[in-house]
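**Q** Those letters in the sequence shown? Residues 534 to 636, by my numbering.
My questions will all concern the structure given below.
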Amino acid sequence: MHRMMVHSLEPFTRGADVGIVGIGVMGGPLTLNMLDKGFAVGIWDVNTEVTEKFAATHASAYGEGKIHAAKTYEECVTLLMKPRKVIPISRTSPSELRLWRLR
């Protein structure tokens, strides 16, 4: 059974169950799979247009507020319920991601 929430670009009041970082070839389908299982998902991609378009495209199919399109990586992490669960999907190595975050 899917939980229904009000769609908003503001952070969830309840919090997202999981965060997906990278909404590309792997991250997009993984996000849809999580939504199919009833999870509320926070998403972020370096390309903000990809993030916003993905959320807008799928919001009505999964219920308002099931997808939260974060504008920054930090926002994606802070909207997660504790303990936080983030799944980074990227073609870059973990060390490159750490260097990118230091910028």
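Cβ atoms here follow ideal geometry from the backbone N, Cα and C, with glycine treated the same way.
Measure from the alpha carbon of N580 to the alpha carbon of each residue in P621, T611, V610 and T605, then state which is nearest.
**A** The shortest C-alpha separation from N580 is found at T605.
**Q** Tell me, please, whether the region 548-555 touches the region 585-594 by the rule of three or more beta-carbon pairs shorter than 8 Å.
**A** Contact between the region 548-555 and the region 585-594 is absent, because fewer than three Cβ pairs lie under 8 Å.
**Q** Please classify K570: is it buried, with 16 or more other beta-carbons within 10 angstroms of its beta-carbon, or exposed?
**A** Exposed, since its Cβ has fewer than 16 Cβ neighbours within 10 Å.
**Q** Tell me which residues share the same chain as M559 and place their Cβ nearer than 8 Å to its Cβ, disregarding the 5 neighbours each side in the sequence.
**A** Within the same chain, M559 has close Cβ partners I622.
**Q** Name the two residues that bound the continuous beta strand (DSSP E) containing A602.
**A** Element bounds for A602: I600 to A602.
**Q** Measure the alpha-carbon distance for E582 versus L568 and round it to whole angstroms.
**A** Approximately 20 Å, taken between the alpha carbons.
**Q** Give a yes or no on whether the minimum CB-CB distance between V610 and chain C is below 8 Å.
**A** The structure shown has no chain C; it contains just one protein chain.
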